[in-house]
Amino acid sequence: MSETAPTVPAATPAAPAPSRTGRRWWRRNRWGLLGILVLAPATIALTFSNEWGGYYAERPSVPVGVAAGERAEFGGTAWQLIGAERIPGDDPAVADAGLPEGADLIVVSVAVDPQLAEGVTSSSMCTFVLNELADGSVLRSWRDALSSGVEYVADPDAAVGCDSERTSAYTAESHFVVPEDAGDEFAVDVQLGSEFPRFLRLGT
Amino acid sequence: MSALPDARPAAKGWWRYALNGLVLVAVLVVAGVVAHTAPTKGLWQAPIPVAGALGEEIAGRNLVATIDGVRVAEQVTAANGWAGETTGVWVVVDAGVASVVSDSPARLGSARLQIGETSYSASTRPAFGTIADQSLTTGIALTGPLMFEVPRALLGSEAAHRASIQLALDEDRRVDSQIEVPVDLGALPVEASVETSDPVWGVR
């Protein structure tokens with residue numbers, strides 16, 4: 006029995022070895038592990054920002070809200086919503102406008118004041134988009150009816166959409182064809198390609 | 013007896029190697045299962061099918077469509093005077109389409125007839141005599157014909173009984189809704205000729 010006695014105390018100090026080894030491993034690799042903790046999220050963030058950042062930067066994705074009736078400077082031009090008139094499809098005023106069945110016409114008037122630098126001979130082109138809102142959020146949207154064949158003139162002096170040849174203040178008129186079940190809460194977007202991803206959202 | 017202290021660590025080392033091997037095999041097996049069952053690029057970028065039936069209004073993300081009827085004819089004449097002659101047959105689909113949330117921009121960019129493994133795009137030769145590739149309006153349907161030119165022999169095939177009309181917003185159909193309506197082309201009579209109506213814009 007006395008010969009086997011040394012084996013028991015020999016095993017006892019070996020028991021805590023794995024935990025000490027484990028701690029040593031963490032200490033030995035702490036900088037590498039720290040690097041992974043920093044670089045892994047940074048790689049994911051960079052990939053996402055490259056893909057999604059580029060996607061959103063190329064389209065109107067950042068609205069700049071403007072309260073109804075307020076004037077806003079944007080893209081070297083001052084913009085102000087003058088009014089938005091909804092004309093039901095069965096109104097005699099639009100009998101010859103070529104409206105489709107079950108649709109209303111919404112005429113939006115915007116005061117446009119190009120503030121051109123000296124020597125600049127053309128003002129900004131723009132795109133108007135009409136948004137139907139529900140509790141402040143966009144429900145549906147329409148492009149203007151320029152290419153739809155609908156013909157209507159509310160103000161003969163107004164330009165139809167933006168007119169780059171007008172270098173002084175003018176009124177831009179835009180027409181939207183919406184289904185008659187559309188609500189009554191709207192906002193008008195003014196989009197300038199040079200200002201993407203920002204665009205103006207004029208409250209009505 | 014002096015060999016006993018050396019034998020125990022040797023046994024412990026052997027099990028550790030075996031355990032490492034097992035863990036490695038398990039990781040390889042899991043990786044193999046994941047690699048073979050994970051969705052492929054073609055699958056996770058595929059169009060998202062929205063199935064429906066003839067006469068039913070089917071709504072996807074930004075496309076709502078109703079397939080009103082399907083005819084097969086040896087010759088088709090569009091309302092704008094375009095006449096389609098073919099050595100095969102024409103499958104004429106009458107449908108109404110509109111965008112759901114936004115029409116800036118939105119077109120019926122993809123109208124296909126899937127027969128077995130082969131798909132046929134709707135002809136754009138009738139120009140404004142068809143709704144193929146025409147602009148859509150939010151909430152206001154464009155109703156009119158789609159013409160597909162297909163080989164006559166296909167009508168007698170087994171696949172013709174399980175054909176599918178597939179409509180999507182863009183020619184690039186990846187990761188967006190695709191309206192799909194099954195149609196039994198083999199059960200339809202082949203008419204000598206059909207005349208189609210002009211596309212009509214208006215709430216259905």
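Line order of the protein sequences matches chains A and B.
When you line the first sequence up against the numbering used here, it's residues 6 to 209, in that order.
When you line the second sequence up against the numbering used here, it's residues 13 to 216, in that order.
Glycine residues also receive a C-beta, built at the ideal position from the N, C-alpha and C atoms.
Just the chain B side, please: which residues come within less than 7 Å of residue i by C-beta, in chain order?
i, result
"A:Glu-106", "Gly-214, Val-215"
For residue i, which of helix, strand or coil comes out of DSSP?
i, result
"B:Arg-124", "strand"
"B:Ser-169", "coil"
"A:Phe-201", "coil"
"B:Trp-94", "coil"
"B:Val-42", "helix"
"B:Ile-7", "Nothing can be reported for residue 7 of chain B, as the shown portion of chain B is limited to 13 through 216."
"A:Asn-136", "strand"
"B:Val-112", "coil"
"A:Pro-97", "helix"
"B:Arg-28", "helix"
"A:Tyr-61", "helix"
"A:Arg-171", "coil"
"B:Leu-75", "coil"
"A:Ser-54", "helix"
"B:Glu-207", "strand"
"A:Pro-68", "strand"
"A:Thr-126", "coil"
"B:Gly-156", "strand"
"B:Gly-198", "helix"
"B:Gly-33", "helix"
"A:Ser-142", "strand"
"A:Val-43", "helix"
"B:Leu-55", "helix"
"A:Gly-27", "helix"
"A:Leu-176", "One point to set straight first is that residue 176 of chain A is Thr, not Leu, in the sequence displayed. A:Thr-176: strand per DSSP, three-state reduction."
"A:Gln-196", "strand"
"B:Thr-89", "strand"
"A:Ala-77", "strand"
Taking C-beta pairs closer than 8 Å, name the residues in chain A that residue i reaches, listed in chain order.
i, result
"B:Gly-151", "Arg-145, Val-183, Pro-184, Asp-186, Ala-187"
Considering only the beta carbon of each residue, do residue i and residue j sit closer than 8 Å?
i, j, result
"B:Val-206", "B:Ala-175", "no"
"B:Glu-192", "B:Val-62", "yes"
"B:Arg-124", "B:Gln-146", "no"
"A:Phe-133", "A:Val-182", "no"
"A:Leu-207", "A:Gly-80", "no"
"B:Glu-170", "B:Tyr-132", "no"
"B:Asn-92", "B:Gly-141", "yes"
"A:Gly-166", "A:Ser-179", "yes"
"A:Ile-92", "A:Ala-83", "no"
"A:Ile-49", "A:Thr-176", "no"
"A:Asp-116", "A:Val-155", "Before going further, note that residue 116 of chain A is Ala rather than Asp in the sequence given. No. Outside cutoff."
"B:Pro-144", "B:Thr-136", "Before going further, note that residue 144 of chain B is Ala rather than Pro in the sequence given. Cβ atoms of B:Ala-144 and B:Thr-136: closer than 8 Å."
"B:Glu-183", "B:Ser-122", "yes"
"B:Thr-208", "B:Val-101", "no"
"B:Ile-177", "B:Ile-79", "yes"
"A:Ala-62", "A:Phe-201", "yes"
"B:Leu-244", "B:Val-103", "The requested residue 244 of chain B does not occur in the structure, where chain B is confined to residues 13 to 216."
"A:Pro-184", "A:Gly-107", "yes"
"B:Ala-199", "B:Ala-85", "no"
"B:Leu-179", "B:Ala-77", "yes"
Using a Cβ cut-off of 9 Å, pull out every chain A residue sitting near residue i, in sequence order please.
i, result
"B:Pro-117", "Arg-148"
How many angstroms separate the CA atom of residue i from the CA atom of residue j?
i, j, result
"B:Val-215", "A:Ser-66", "30 Å"
"B:Thr-117", "B:Ala-110", "The identity of residue 117 of chain B in the sequence shown is Pro, whereas the question assumes Thr. Spanning the two alpha carbons is a distance of roughly 12 Å."
"A:Leu-135", "A:Val-112", "10 Å"
"A:Ser-142", "A:Asp-109", "22 Å"
"B:Glu-213", "B:Gly-156", "Note on residue identity: the sequence assigns Trp, not Glu, to residue 213 of chain B. So the alpha carbons of these two residues sit roughly 9 Å apart."
"A:Phe-191", "A:Arg-203", "19 Å"
"B:Ala-172", "B:Leu-148", "30 Å"
"A:Ser-127", "A:Ser-153", "27 Å"
"B:Leu-166", "B:Leu-40", "47 Å"
"A:Asp-149", "A:Val-195", "11 Å"
"B:Gly-108", "B:Leu-154", "5 Å"
"A:Pro-11", "B:Gly-25", "Note that A:Pro-11 scores a pLDDT of 47, beneath 50, so its modelled location is shaky and nothing firm can be said."
"B:Met-13", "A:Asn-34", "Note that B:Met-13 scores 45 on pLDDT, short of 50, meaning its location in the model is unreliable; the coordinates nonetheless yield the value given after this. Those two C-alpha atoms are separated by around 41 Å."
"A:Tyr-157", "A:Asp-96", "13 Å"
"B:Val-35", "A:Arg-25", "23 Å"
Self-check item: chain B contacts made by the stretch 128 to 140 of chain A, where a contact means CB separation under 7 Å
Solution: Val-134
Quiz item: Of the residues that make up the stretch 98 to 123 of chain B, which ones have a beta carbon closer than 8 Å to any beta carbon in chain C?
Solution: Of the protein chains in this structure, namely A and B, none is chain C.
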